[in-house]
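Student:
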Amino acid sequence: MQEHINDVKEPFAFGICRVDRGRLNPEKVLQATYIIAKREAKGGIVLQKALISAGETPDPAQSEQVFDISIGFVNEALNLCAADDETAEISNALLLIAKYFEPNLFKAVFLFADKAPKSVEAVYLKLYLLSNGQAELRSLDLTGAFGVLPNVAWVGGTPVELGYLRANEAELKVKGEFPKIDFVDKFPRYLQHIIPADDVRILDGSKVRMGARLAEGTTVMPGASYVNFNAGTTGACMVEGRISSSAVVGAGSDIGGGASILGVLSGTSGKPVSIGRNTLLGANSVTGIPLGDGCVVDAGIAILEGTKITIAAKDAEEIAKINPNFNLSGESFQIVKGIDLAGMHGIHFRQNSQNGQMQAARSKKDVRLNAELH
Amino acid sequence: MQEHINDVKEPFAFGICRVDRGRLNPEKVLQATYIIAKREAKGGIVLQKALISAGETPDPAQSEQVFDISIGFVNEALNLCAADDETAEISNALLLIAKYFEPNLFKAVFLFADKAPKSVEAVYLKLYLLSNGQAELRSLDLTGAFGVLPNVAWVGGTPVELGYLRANEAELKVKGEFPKIDFVDKFPRYLQHIIPADDVRILDGSKVRMGARLAEGTTVMPGASYVNFNAGTTGACMVEGRISSSAVVGAGSDIGGGASILGVLSGTSGKPVSIGRNTLLGANSVTGIPLGDGCVVDAGIAILEGTKITIAAKDAEEIAKINPNFNLSGESFQIVKGIDLAGMHGIHFRQNSQNGQMQAARSKKDVRLNAELH
Amino acid sequence: MQEHINDVKEPFAFGICRVDRGRLNPEKVLQATYIIAKREAKGGIVLQKALISAGETPDPAQSEQVFDISIGFVNEALNLCAADDETAEISNALLLIAKYFEPNLFKAVFLFADKAPKSVEAVYLKLYLLSNGQAELRSLDLTGAFGVLPNVAWVGGTPVELGYLRANEAELKVKGEFPKIDFVDKFPRYLQHIIPADDVRILDGSKVRMGARLAEGTTVMPGASYVNFNAGTTGACMVEGRISSSAVVGAGSDIGGGASILGVLSGTSGKPVSIGRNTLLGANSVTGIPLGDGCVVDAGIAILEGTKITIAAKDAEEIAKINPNFNLSGESFQIVKGIDLAGMHGIHFRQNSQNGQMQAARSKKDVRLNAELH
């Protein structure tokens, strides 16, 4: 699959970034802002050749490498890119770097394999690939990312070490210059790095972590919503609830106000949850199992792996018609567990308001987003 | 109802605003910040006369008109307003505009009728009327507002075209000047335009969209709350949940943490929901029907139009006493649908924790806000 | 307990702060930013002595006193602190104040007793003690704090009177300088004053009010979470839900997405709720009773003081083994109220999905936080 030319290898991904460094410890990179972040053969090879010409030694046997960008490298790379349309975007970035050049500020980053990231730059490059749609959600190895990223205070998009603030707290407060800290986290926010599609709306930037994917037409409301990294939507969706880490939601689905799709990081079995297309999670509902297309989870109920759910015989019959894997028992009704209905299409989950029974029926609702909004 | 004087007509509403324009396309107005936004006869007529004197042609036959403010117009209007207390606020605004005048920056806007808005300026004027209480919630024609407003990135209160950011992404990132985007939406936030009453609290500005109305004494907490445009409170309320578009909540009511009042935009029947006075929506409850005064919806339950609700005979009797429209069957108990109880007063909605039955009883709780907080 | 030396008394707490004043009314203090906020004998006594030397009259018979810091006081205090390691932090603060001195900007504040605070400075000092862990949550008298603190617009960490904005609205809007108001509240945010421990994460600064306590290892997610003042965590916790005023959560507990712990301010019985260690509140659950260690409240259910809960005999037996106060009836099952289980350990609260019954059983789950995240 991968092309080898004179000791250079098509990388898994590569990028050119500007880094923010620590104030206490300038050796420490706190954030990497990518000007180029790509999975593409030609650019990745050209940049390796330029590095070699500039005296560096790319080593495709390693899973990742980060190189400081020198003016020498910029010039070599510009020569190699010259008059090639395929690398025009890279040339443009390099010309800008030449124009605003400062040493130790820009990096060329290569992922030669999709292994556990070892550097802040590698984690950020993977987050870019997820957010800009060049890698499918859940497809990248992010093992240990929490350990690699430093926990920092974010001040207007700039990461600041908590230790720096602590060391200077008295002086900053006496001078009235204690900064407005927007948040404290290892991850930046999506909108610090990604320009969404024209019809994507994010009503509160704090609601989407970098590394999330928001497909065209997605709206994220500001009430009780959240989209974690390595999670998101693959088509136009209304998001008023929580899409936890590793959860993926299909086009046309509506995640109601306060609805929770359980994730893999806290308090769950660790299996990632996918939601199909045109599925509705009612307000304040909770879903711990994958759902297929055209499902409805009624407002306020929780469907977990172990929830016992009753299905009437005629509903089971209807459900089986569109779910070949569904096993009809033939009895008057049957009781299944939530996990048994994982990924099935067209199911309406509800709680009988006369007797409290959790039930699954064939959904009759047509989940359709408001065309004006998406 | 409307007065005609020399071809000028009392407008439905009028205003004077400063506009933000696109960077890619300066012809495009992205936001209108109103210095004057009024429904009032005299000012609207004076400004039309001044426009005529300055050579413009107001046409009251149109539903709306937007005029660029020239120095000539400012002077004519100041003359007409001179020494008239009723137009002192307008004079003051015009004097300030004269002082800081720039061409193409200020607009005079007239709504001659309450029709579907055609311009960004008209949509904003209507949002002002809703937010400042000059028009009742749900009373204005906002048809097509989503289509009129451009979707933009908001940077510290300033709208920026996503296309502009995209065109300049590489340079902004290389220079370390990629802006901190607070949010991406068609609507601005309430606090960008409205100064709330002294006893209103909004603990997170992202939680209230422009066009919402927050009556005096209202507190909006930052947890899972949201107040959409054309929705809000008509008296002092505690808001820890979601007041969706078109929902209106009466004085003394408490929308508990994470409670959802369903709106008209997504996933509902489209009938707007009103909540009466002194009603309590428990934490994480969901209400899809209108409620009267003094109701309680218990924490964690969902009352939707189709929810089957059991009422004991003696409770039905008590409920009928304060709800003349309530039909008592005389049987030992009856089962109604949520929609059958729409707008009734003094009802306590609960789920029997012994058998899961949804029940309505006569509420005994006295919903009262904490006087220290409101 | 308290030492008396020449008319000075060890204060309950003391501090040195910089104040923000009103623009309309500069006599009014709107915010106090503490450089020193301590409960410690020596510093409190040294500062009183310095005040006396500088001609002021501390009066330990009062519950609180606020003194304007003069250069004379700074010099006296520096002399008294000289070469004493115990007061090095105070010396450092005073040297900085001397360097950036302005009259009427810095205050020395003494709380001689823990009484209802009378000044903005006293309220803020108590909030600092709560947030920095020098006073236990709920241990301080905050009676009337809402009345003492002014409600203000917060612009990038600076409080601005709503009346000032109103008086200058037209000019600010004409000039395009209407400020970006982050929020409107009496309380500031935690991150405006407190630098959290290195492993604390607060993904949205709006989610934690000043006066909250976040123990090391606590993560506050941005979805539907909130931590009010005088509430928080005493050990590493995952917080994706609401910790209302006066609620306290123990180490290792997980407050799921949208979960609500009821507080004392609105719509409850007013008894503060404590949650033990290693307890899990499922997504969108509601807890109105105190819980012990190792409990689980299933997603989506509400356990309130009056909720009727069924316990099977064998579960009652298991629960009694670890809860000496638990009264086993010996019958095949028993029905208790939520309040009867207040503070018990190892209970799993769930709703039977076959018959809607709320049940308590002996929890078998081992609640453990994700080690990578905390």
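Sequence lines, in order, name chains D, S and E.
When we follow this note's numbering, the leftmost residue of the first sequence carries the number 1, and every step to the right adds one.
When we follow this note's numbering, the leftmost residue of the second sequence carries the number 375, and every step to the right adds one.
When we follow this note's numbering, the leftmost residue of the third sequence carries the number 749, and every step to the right adds one.
Glycine included, every Cβ here is placed at the ideal spot set by N, Cα and C.
1) I'd like to check one pair, residue 454 of chain S with residue 441 of chain S: are the Cβ atoms closer than 7 angstroms?
2) What three-state label does DSSP hand residue 73 of chain D in the structure shown?
3) Might you give, ordered along the chain, the residues of its own chain that have their beta carbon closer than 8 angstroms to the beta carbon of residue 187 of chain D, omitting 5 neighbours on each side?
4) Taking the C-alpha atoms as reference points, what is the distance between residue 745 of chain S and residue 629 of chain S?
5) Report buried or exposed for residue 5 of chain D, applying the criterion of at least 16 other Cβ atoms within 10 angstroms of its Cβ.
6) Which runs of the alpha helix (DSSP H) spanning at least 4 residues fall entirely within the stretch 821-905 of chain E, listed in chain order?
7) For the pair the stretch 1032-1039 of chain E and the stretch 1059-1067 of chain E, tell me if three or more CB-CB distances fall below 8 angstroms.
8) Anything in the stretch 146-177 of chain D with a Cβ closer than 8 angstroms to a Cβ of chain E? List those residues in chain order, please.
9) Distance, Cα to Cα, residue 200 of chain D vs residue 521 of chain S?
10) Under three-state DSSP, which class holds residue 998 of chain E?
11) Hey, is the stretch 382-400 of chain S in contact with the stretch 350-369 of chain D, meaning 3+ C-beta pairs nearer than 8 angstroms?
12) Chain S partners of residue 1052 of chain E, CB-CB under 7 angstroms?
13) Note down, in chain order, each residue of its chain lying with its Cβ closer than 6 angstroms to the Cβ of residue 581 of chain S, except the 5 sequence neighbours on either side.
14) What number of angstroms, rounded off, separates the C-alpha of residue 1109 of chain E from the C-alpha of residue 304 of chain D?
15) Using a Cβ-Cβ distance under 7 angstroms, would residue 226 of chain D count as near chain E?
16) Starting from residue 958 of chain E, follow its DSSP beta bridges and name the residues at the other end.
17) Which same chain residues end up closer than 7 angstroms to residue 673 of chain S when comparing Cβ atoms and leaving out the 5 residues on each side of it in sequence?
18) Starting from residue 68 of chain D, follow the alpha helix (DSSP H) in both directions and report where the run begins and ends.
19) Just checking, does the stretch 485-504 of chain S make contact with the stretch 444-454 of chain S on the three C-beta pairs under 8 angstroms criterion?
20) Report the rounded CA-to-CA distance for residue 982 of chain E versus residue 776 of chain E, giving the unit in angstroms.
21) Determine the closest residue to residue 244 of chain D out of D:353, D:159 and D:137, with distance taken between C-alpha atoms.
22) Roughly how many angstroms lie between the CA atoms of residue 888 of chain E and residue 980 of chain E, to the nearest whole one?
23) Report buried or exposed for residue 644 of chain S, applying the criterion of at least 16 other Cβ atoms within 10 angstroms of its Cβ.
24) Shortest alpha-carbon distance to residue 927 of chain E belongs to which of E:913, E:794, E:938 and E:937?
25) Excluding the 5 residues preceding and the 5 following residue 932 of chain E in the sequence, name in chain order all residues of the same chain whose CB lies nearer than 6 angstroms to its CB.
26) Does the Cβ of residue 739 of chain S have 16 or more other Cβ atoms within 10 Å, making it buried, or fewer, making it exposed?
27) Identify whether residue 42 of chain D lies in helix, strand or coil by the three-state DSSP scheme.
28) Determine, using beta carbons only, whether residue 191 of chain D comes closer than 7 angstroms to chain S.
29) Quick check on the burial criterion: 16 or more other C-beta atoms within 10 angstroms. Buried or exposed for residue 222 of chain D?
30) Please state the DSSP three-state secondary structure of residue 161 of chain D.
31) Among the residues of its own chain, which have a CB less than 6 angstroms from the CB of residue 1099 of chain E, if the five just before and after it don't count?
32) Tell me the DSSP secondary structure of residue 378 of chain S in three-state form.
33) How would you write the range of the beta strand (DSSP E) that residue 933 of chain E sits in, first residue to last?
34) Within the same chain, show all residues whose beta-carbon is closer than 6 angstroms to that of residue 94 of chain D, passing over the 5 residues directly before and after it, in chain order.
35) Check whether the Cβ atoms of residue 474 of chain S and residue 923 of chain E sit closer than 7 angstroms, and answer yes or no.
36) Can you find a C-beta in chain D that's less than 7 angstroms from the C-beta of residue 1102 of chain E?
Tutor: Inspection of the coordinates gives the following:
1) Working through the second sequence from its first residue, we reach residue 441 of chain S at position 67. Working through the second sequence from its first residue, we reach residue 454 of chain S at position 80. Cβ distance not < 7 angstroms, so residue 441 of chain S and residue 454 of chain S don't count as in contact.
2) What you label residue 73 of chain D is simply residue 73 of the first sequence in a count that begins at 1. Assigned with DSSP and collapsed to three states, residue 73 of chain D falls in helix.
3) Here the question's residue 187 of chain D lines up with position 187 in the first sequence. Cβ within range, chain order: 127, 149, 209, 210, 211 and 229.
4) Here residue 745 of chain S is taken as the residue at index 371 of the second sequence, counted from 1. Here residue 629 of chain S is taken as the residue at index 255 of the second sequence, counted from 1. Whole-angstrom Cα-Cα distance: 16 angstroms.
5) Along the first sequence, read from residue 1 onward, the residue named residue 5 of chain D stands at position 5. Confidence is the limiting factor: at residue 5 of chain D the pLDDT is only 45, short of 50, which leaves the residue's position unreliable and the question unanswerable from this model.
6) Runs of the alpha helix (DSSP H) lying entirely within the stretch 821-905 of chain E and spanning at least 4 residues, in chain order: 836-847, 868-879 and 893-896.
7) Contact between the stretch 1032-1039 of chain E and the stretch 1059-1067 of chain E is absent, because fewer than three Cβ pairs lie under 8 angstroms.
8) Cβ contacts with chain E come from 146, 147, 151, 153, 162, 163, 165, 166, 169, 170, 171, 173, 174, 175 and 176.
9) For the purposes of this step, residue 200 of chain D is taken as residue 200 along the first sequence, with counting starting at 1. For the purposes of this step, residue 521 of chain S is taken as residue 147 along the second sequence, with counting starting at 1. Rounded to whole angstroms, the gap between the alpha carbons of residue 200 of chain D and residue 521 of chain S is 14 angstroms.
10) Taking the first residue of the third sequence as 1, we reach residue 998 of chain E at position 250. Reduced to three states, the DSSP call for residue 998 of chain E is coil.
11) Judged by Cβ distances under 8 angstroms, the stretch 382-400 of chain S makes no contact with the stretch 350-369 of chain D, as fewer than three pairs qualify.
12) In the third sequence, residue 1052 of chain E corresponds to position 304, counting from 1. Under the 7 angstroms cutoff, chain S gives 673.
13) Numbered from 1 along the second sequence, position 207 holds the residue referred to as residue 581 of chain S. 594, 599 and 600.
14) In the third sequence, residue 1109 of chain E corresponds to position 361, counting from 1. In the first sequence, residue 304 of chain D corresponds to position 304, counting from 1. Per the coordinates, the alpha-carbon of residue 1109 of chain E lies some 18 angstroms from the alpha-carbon of residue 304 of chain D.
15) Counting from 1 along the first sequence, the entry for residue 226 of chain D is found at position 226. Any Cβ of chain E closer than 7 angstroms to the Cβ of residue 226 of chain D would place that residue at the interface, and such an atom is present.
16) Here residue 958 of chain E refers to the residue found at position 210 when the third sequence is read from its first residue. DSSP output for residue 958 of chain E lists no bridge partner at all.
17) Counted from its first residue, the second sequence places residue 673 of chain S at position 299. 630, 656, 657, 658 and 659.
18) For the purposes of this step, residue 68 of chain D is identified with residue 68 of the first sequence, where counting begins at 1. According to the DSSP assignment, residue 68 of chain D belongs to no alpha helix (DSSP H) but to the beta strand (DSSP E) extending over 64-68.
19) Three or more beta-carbon pairs separated by less than 8 angstroms are not found between the stretch 485-504 of chain S and the stretch 444-454 of chain S, which leaves the two stretches without contact.
20) Walking along the third sequence from the start, residue 982 of chain E turns up at place 234. Walking along the third sequence from the start, residue 776 of chain E turns up at place 28. Going from the Cα of residue 982 of chain E to the Cα of residue 776 of chain E covers about 35 angstroms.
21) In the first sequence, counting from the first residue as 1, residue 244 of chain D sits at position 244. Taking the Cα of residue 244 of chain D as reference, the smallest distance to any Cα among D:353, D:159 and D:137 is reached at D:137.
22) Position 140 of the third sequence, counted from the start, is the residue given in the question as residue 888 of chain E. Position 232 of the third sequence, counted from the start, is the residue given in the question as residue 980 of chain E. So the two alpha carbons sit approximately 15 angstroms from each other.
23) One-based indexing of the second sequence puts residue 644 of chain S at position 270. So residue 644 of chain S ends up on the exposed side.
24) In the third sequence, residue 927 of chain E corresponds to position 179, counting from 1. Ranking the options by Cα distance to residue 927 of chain E, first place goes to E:913.
25) As a first step, residue 932 of chain E must be located in the third sequence, where it is residue number 184. Within its own chain, the residues whose Cβ lies closer than 6 angstroms to the Cβ of residue 932 of chain E, once the five positions on either side in sequence are excluded, are 901, listed in chain order.
26) For the purposes of this step, residue 739 of chain S is taken as the residue at position 365 of the second sequence. By the neighbour-count rule (16 or more Cβ atoms within 10 Å), residue 739 of chain S is not buried but exposed.
27) As a first step, residue 42 of chain D is located in the first sequence; it is residue number 42 there, counting from the start. Here residue 42 of chain D carries a helix assignment [DSSP, helix/strand/coil].
28) Here residue 191 of chain D refers to the residue found at position 191 of the first sequence. Put simply, the CB of residue 191 of chain D is near chain S, with a gap under 7 angstroms to one of its CB atoms.
29) One-based indexing of the first sequence puts residue 222 of chain D at position 222. Buried, because 16 or more other Cβ atoms sit within 10 Å of the Cβ of residue 222 of chain D.
30) The count along the first sequence starts at 1 and reaches residue 161 of chain D at position 161. In the structure shown, residue 161 of chain D adopts extended strand secondary structure according to DSSP, grouped into three states.
31) The residue given as residue 1099 of chain E occupies position 351 in the third sequence. So the qualifying residues of the chain are 1049 and 1106.
32) One-based indexing of the second sequence puts residue 378 of chain S at position 4. Only weak support exists for where residue 378 of chain S lies, its pLDDT of 44 falling under 50; the value from the coordinates is given anyway. DSSP places residue 378 of chain S in strand when its eight states are reduced to three.
33) Sequence index remark: in the third sequence, residue 933 of chain E carries index 185 (1-based). Segment 931-933, the beta strand (DSSP E) holding residue 933 of chain E.
34) Working through the first sequence from its first residue, we reach residue 94 of chain D at position 94. Beyond the five residues adjoining it in sequence on each side, residue 94 of chain D comes within less than 6 angstroms, by CB distance, of 74, 77 and 78 in the same chain, given in chain order.
35) As a first step, residue 474 of chain S must be located in the second sequence, where it is residue number 100. As a first step, residue 923 of chain E must be located in the third sequence, where it is residue number 175. For residue 474 of chain S and residue 923 of chain E, yes; Cβs fall inside 7 angstroms.
36) In the third sequence, counting from the first residue as 1, residue 1102 of chain E sits at position 354. Yes - at least one Cβ of chain D is within 7 angstroms of the one on residue 1102 of chain E.
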